[in-house]
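Here is the structure we will look at, set down as structure tokens.
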Ligand code: SF4
Ligand code: SF4
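Protein chains in written order, with our numbering: chain A, 1 to 424; chain B, 425 to 680; chain C, 681 to 760.
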């Protein structure tokens, strides 16, 4: 229980308000996480990261900045961390996942904005998150309308650099994304004052690929039955991936995987082998949004995979490591990132193909297609997702929810009914 | 063998006892304490049937208050129970529309009353019994009179589906001198539209069973039939569909 | 029905290094504990503490004595 007040004060945070946030976390975390039975020991590290969420890592970033380093805050898995790290800067994910920040966002945003955007804007304007304070510059993108306009509002308080994401996936769109990555590279060089060399970029492509491999290995263990790790724990790890030091994160995740692979050999699971296996697909779940996983798993089913940006979309497809010139590397980066299947693209058949493939790979019994309230992209695409699953004979249920606890009991009823339906 | 089904809804609590031949029934408002309401209705139905609690082999609880009682052997969601109950009450049903106090649901079922698919309204009171109650209050009429008041009236289209907005819209219409009956007819139509939309998304089939407290409202029933284009039937025991389904599930469980 | 009162115990530390050190020692000694955010009821500082069940308390105290880790106390909090 180190005293971080001085650091927070130095970051210009609202300490009183932040105190209220600190008060809520231990309870929520204890209830959702520490109450689980037979957790893998390797979760200790991730518990530690959460327990120190506004302490250890922010202190590292403060140190980095003291030495002249820069911090870039990002909001979308399309933004290539490799380029940022290659200039000696640090990229950190900034998506807001707590109801605590929503009212702050509502002060400037329309009520019918998705909670992820509201919380992200609220976290900045309320000055209650050290990461939002620490970032020297935010990197936004033109994915959905809500975000596009939110950048303009945030830009009044903090510099926001916006990347123009294509809306389709034709050859010329991939080329256009390459151009955008080049522009980001220039921006990163300008902000940091460092040149991005092909050697540095190659090294950081490897660094981020190692992180992807570690996550892929983790997810691979979830294909086993009984499943050796809960969906809640896997989600937490994915969420932490966005802001932890990449190298440490990879090594800690790999350590955990050693343990999980042993568990698989011993048939030691956290759910009985006959527990229903659920896939969650849809919008990202930013930390500390554990709501749906917690409901599903306390109803007795195991979440075995997330087709979301806090799931497989984050780590699938490594970047080709053979490029030696910046041009080649930017091309391979563009190719890799354009493989992420976000609902902001049209058409987005790739996502449906992925879902159908993942159902098989993870031996999924039922799919919950869940989007955050007021996300027009994912709720509209839901029609096609559900249609494809129904055609394939896979039970699917759609849910729409936000960060508040108000509808938890309703959601619980639906999830239970869905599980009863699977059981029949 | 003797089994019980208890459905603790947000507005009323229902209990039935089933001995393989007939159902004994009791109903009363849920009020503030679901737990109290449940035990009260349960003892009511027991005394009505002449059995005592020890003789009950198996009890299933359902409804939003299902977890608050301690005498059930199993809890099952209202979705599963309603499907089972409706398929029993009206054989041949392939879709159940249930409009209760706080939520509405559309369930696709097979001949055995197993759930094939379902949808529920999203976190808002629009298209529920609560919505009707609020508007009835704004109009100064009793919910049970809504159907009679609107019968044969030309509906005024209501634009708002949100309870709060609809309430002020209705007050606005009243002050413009519109007829209550026409407003109510419009209200029924708007609920029917919303629920029919949910049903159509699931693919409408041949025979719809309409259950829950709102099923007693003929205006909403007729509106649904018109929107869906298939027969929408209300069983005599429409309010008991969930409890009956729970009792039937209890029967299955105790047979195992 | 009155629910039985269950208490959780949180070991508090001046910094996370001490906390991680004790966590390692407890693990070695086979004492079960979890790394937890510090509840406000235990202390007004954020950061890690170690969460123990009552059965582990005595064993944990022995480890604390023998390994010389600096702790700031042990808070007893009723579980809700
Ligand atoms: S869902 Fe789309 S916009 Fe959101 S992080 Fe993923 S790729 Fe970016
Ligand atoms: S969840 Fe939807 S609305 Fe919200 S930020 Fe993502 S794409 Fe935009």
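Just so you know, even glycine gets a beta-carbon here, dropped at the ideal spot from N, CA and C. Model, not experiment: these values are computed from the prediction.
For residue i: DSSP bridge partner residues
| i | result |
| --- | --- |
| residue 398 of chain A | A:369 |
| residue 442 of chain B | B:427, B:447 |
| residue 657 of chain B | B:633 |
| residue 688 of chain C | C:733, C:757 |
| residue 529 of chain B | B:522, B:544 |
| residue 277 of chain A | A:302 |
| residue 181 of chain A | According to DSSP, residue 181 of chain A bridges with nothing at all. |
| residue 436 of chain B | B:453 |
Option in the options with minimal Cα separation from residue i
| i | options | result |
| --- | --- | --- |
| residue 744 of chain C | C:735, C:717, C:687, C:704 | C:704 |
| residue 261 of chain A | A:18, A:41, A:372, A:123 | A:41 |
| residue 561 of chain B | B:534, B:668, B:587 | B:587 |
| residue 732 of chain C | C:713, C:722, C:724, C:747 | C:713 |
| residue 533 of chain B | B:597, B:542, B:470 | B:542 |
| residue 584 of chain B | B:601, B:613, B:517, B:680 | B:613 |
| residue 97 of chain A | A:206, A:61, A:285, A:396 | A:285 |
| residue 171 of chain A | A:379, A:389, A:335 | A:335 |
| residue 716 of chain B | B:596, B:440, B:605 | This structure does not reach residue 716 of chain B, given that chain B is present from 425 up to 680, and the question cannot be answered. |
| residue 106 of chain A | A:150, A:400, A:376, A:187 | A:150 |
| residue 599 of chain B | B:578, B:563, B:624 | B:563 |
| residue 364 of chain A | A:18, A:281, A:129 | A:281 |
| residue 274 of chain A | A:251, A:224, A:406 | A:224 |
| residue 425 of chain B | B:479, B:452, B:643, B:634 | B:479 |
| residue 496 of chain B | B:503, B:448, B:486 | B:486 |
| residue 379 of chain B | B:504, B:529, B:621 | What is shown of chain B runs 425 to 680, which leaves residue 379 of chain B out entirely. |
| residue 34 of chain A | A:407, A:61, A:371, A:236 | A:236 |
| residue 505 of chain B | B:477, B:625, B:493, B:536 | B:536 |
| residue 265 of chain A | A:255, A:342, A:221, A:279 | A:221 |
| residue 434 of chain B | B:472, B:448, B:456 | B:456 |
| residue 611 of chain B | B:621, B:666, B:622, B:558 | B:558 |
| residue 309 of chain A | A:88, A:372, A:67, A:21 | A:372 |
| residue 283 of chain A | A:377, A:219, A:271 | A:377 |
| residue 297 of chain A | A:341, A:56, A:416 | A:416 |
| residue 71 of chain A | A:137, A:395, A:397, A:314 | A:137 |
| residue 120 of chain A | A:288, A:177, A:46 | A:288 |
| residue 627 of chain B | A:390, A:313, A:118 | A:390 |
Counting only Cβ-Cβ distances shorter than 9 Å, please list the residues of the segment 698-713 of chain C near chain A, keeping chain order. 699, 700, 703, 707
Let me know the alpha helix (DSSP H) ranges lying completely inside the segment 710-759 of chain C, each 4 residues or longer, listed in chain order. 737-747
At 4 residues or longer, and completely inside the segment 56-138 of chain A: list those alpha helix (DSSP H) runs for me, N to C. 56-66, 81-86, 102-106, 115-125, 130-134
Quick one, which residues of the segment 718-731 of chain C are near chain A if we go by CB-CB under 7 Å, in chain order? 718, 719, 720, 723, 725, 726, 727, 728, 729, 731
Runs of alpha helix (DSSP H) wholly within the segment 214-265 of chain A (minimum 4 residues, chain order): 231-241, 246-265
Entirely enclosed beta strand (DSSP E) segments - the segment 534-588 of chain B, minimum 3 residues: 539-544
Residues from the segment 50-64 of chain A in contact with chain C, defined by Cβ distance under 9 Å: 50, 51, 52, 53, 54, 55, 56
Flag this pair as touching only if the segment 228-236 of chain A and the segment 289-304 of chain A have three or more C-beta atom pairs under 8 Å; answer yes or no. yes
What residues from the segment 301-321 of chain A come within 9 Å of chain B, judged by C-beta to C-beta, listed N to C? none
Do three or more CB pairs link the segment 320-338 of chain A to the segment 71-91 of chain A at distances below 8 Å? yes
Check whether the segment 243-256 of chain A touches the segment 377-391 of chain A, taking contact to mean three or more Cβ pairs, one atom from each stretch, closer than 8 Å. no
Could you tell me whether the segment 312-331 of chain A touches the segment 197-205 of chain A, where touching means 3 or more Cβ pairs closer than 8 Å? yes
Should the segment 5-24 of chain A be regarded as contacting the segment 692-712 of chain C, the criterion being three or more beta carbon pairs within less than 8 Å? no
Which residues, in chain order, does the segment 489-521 of chain B contribute to contact with chain A at a C-beta distance below 8 Å? 500, 501, 502, 503, 504
Do three or more CB pairs link the segment 460-467 of chain B to the segment 434-445 of chain B at distances below 8 Å? yes
Would you check if the segment 590-610 of chain B and the segment 510-529 of chain B touch, i.e. whether three or more CB-CB distances between them fall below 8 Å? no
Contained alpha helix (DSSP H) runs [length at least 4] in the segment 137-173 of chain A, N- to C-terminal order: 145-154
Decide if the segment 116-136 of chain A is in contact with the segment 13-29 of chain A; the criterion is three or more beta carbon pairs, one per stretch, under 8 Å apart. yes
Chain A contacts made by the segment 534-545 of chain B, where a contact means CB separation under 7 Å: 538, 539, 542, 544
Does the segment 737-755 of chain C come within contact of the segment 718-726 of chain C, defined as at least 3 CB pairs closer than 8 Å? yes
Please name the residues in the segment 474-490 of chain B whose beta-carbon is closer than 8 Å to at least one beta-carbon of chain A, in chain order. 488
Indicate whether the contact test is met: 3 or more Cβ pairs, each with one atom in the segment 650-662 of chain B and one in the segment 625-642 of chain B, closer than 8 Å. yes
Minimum length 3: unbroken beta strand (DSSP E) runs contained in the segment 438-513 of chain B: 447-453, 482-486
Using 8 Å as the Cβ pair cut-off and three pairs as the minimum, do the segment 399-408 of chain A and the segment 141-149 of chain A touch? no
Would you say the segment 688-696 of chain C touches the segment 656-673 of chain B, given that touching needs at least three Cβ pairs under 8 Å? no
Interfacial residues, the segment 193-221 of chain A to chain B, with Cβ spacing under 7 Å: none
Do three or more CB pairs link the segment 104-118 of chain A to the segment 37-51 of chain A at distances below 8 Å? no
Any 3 or more C-beta pairs closer than 8 Å across the segment 353-367 of chain A and the segment 186-198 of chain A: no
Below 7 Å between beta carbons is the criterion; list the residues of the segment 246-268 of chain A that meet it against any residue of chain C, in chain order. none
Select from the segment 390-424 of chain A all residues with a C-beta closer than 8 Å to any C-beta belonging to chain C, and list them in chain order. none
Anything in the segment 120-132 of chain A with a Cβ closer than 9 Å to a Cβ of chain C? List those residues in chain order, please. none
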